[in-house]
Ligand SMILES: Cc1cc2nc3c(=O)[nH]c(=O)nc-3n(C[C@H](O)[C@H](O)[C@H](O)COP(=O)(O)O)c2cc1C
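Numbering (full-length UniProt numbering), first residue to last: 1 to 110.
Have a look at this one:
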């Protein structure tokens with residue numbers, strides 16, 4: 001089972017969250033192949049992504065929405081077909097009432 005974790009992190013919080021998620025998946029499914037891919041570091045492996053059964057997106061909350069870098073990635077890859085894959089979203093924020101819900105929905109509605 002291949003799982004892609006695609007994330008943006010400027011200060012490191014979302015990266016740490018992504019690593020926790022990877023750790024949790026591997027604890028539960030030791031034979032899963034998990035690929036942590038930073039958009040900022042241009043690490044997205046499109047072949048691996050295409051072969052993934054599940055894709056998890058992570059972003060810092062910026063002004064109650066997703067970060068511009070993740071939005072740019074979506075806008076640049078609008079033709080990439082994610083249909084049929086399981087999807088999940090996680091965010092990190094400064095405040096639990098700082099737009100966490102709206103930022104998650106920002107990604108989900110894409
Ligand atoms: C431009 C900017 C906008 C932000 N907007 C929010 C916000 O609306 N709500 C919130 O709770 N935190 C906000 N934050 C805080 C970040 O979401 C938070 O520190 C996050 O964990 C940073 O993730 P990173 O360390 O992976 O970059 C903002 C930070 C920046 C730089």
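Idealized CB from N, CA, C, for every residue including glycine. Just so it is clear, the structure is predicted and the values come from calculations on it, not from any experiment.
Under the assumption that residue i contacts residue j (Cβ atoms under 8 angstroms), give the Cβ distance between them as a whole number of angstroms.
i	j	result
residue 114	residue 66	In the structure as shown, the chain starts at 1 and stops at 110, and residue 114 therefore has no counterpart that could be examined.
By alpha-carbon positions, which one of the options ends up nearest to residue i?
i	options	result
residue 47	109, 92 and 82	82
residue 8	33, 38, 27 and 109	38
residue 91	77, 108 and 80	108
residue 49	5, 104 and 58	5
residue 21	12, 34 and 10	34
residue 53	15, 87, 97 and 76	87
residue 110	96, 97, 95 and 70	70
residue 77	95, 45, 16 and 13	45
Could you confirm whether any beta carbon from chain D is found closer than 9 angstroms to the beta carbon of residue i?
i	result
residue 78	Absent from the structure: chain D. Only one protein chain is present.
Near residue i, what residues of its chain come up, given a Cβ to Cβ distance below 8 angstroms and the 5 sequence neighbours on each side ignored?
i	result
residue 99	61, 63, 64, 65 and 93
residue 58	5, 6, 7, 8, 9, 14, 17, 18, 21, 89, 90, 91 and 92
residue 97	none
Within a Cβ cutoff of 6 angstroms, which residues of the same chain sit near residue i, ignoring the five residues on either side of it in sequence?
i	result
residue 102	64
residue 43	37
residue 74	110
residue 13	92
residue 56	5 and 88
Starting from the C-beta of residue i, find all residues in its chain whose C-beta is less than 7 angstroms away, skip the five residues before and the five after it, and write them out in chain order.
i	result
residue 32	1, 3, 25 and 26
Task: Whole runs of the beta strand (DSSP E) within the UniProt domain "Flavodoxin-like" (3-110), excluding any shorter than 3 residues - done: 33-38, 54-60 and 86-92
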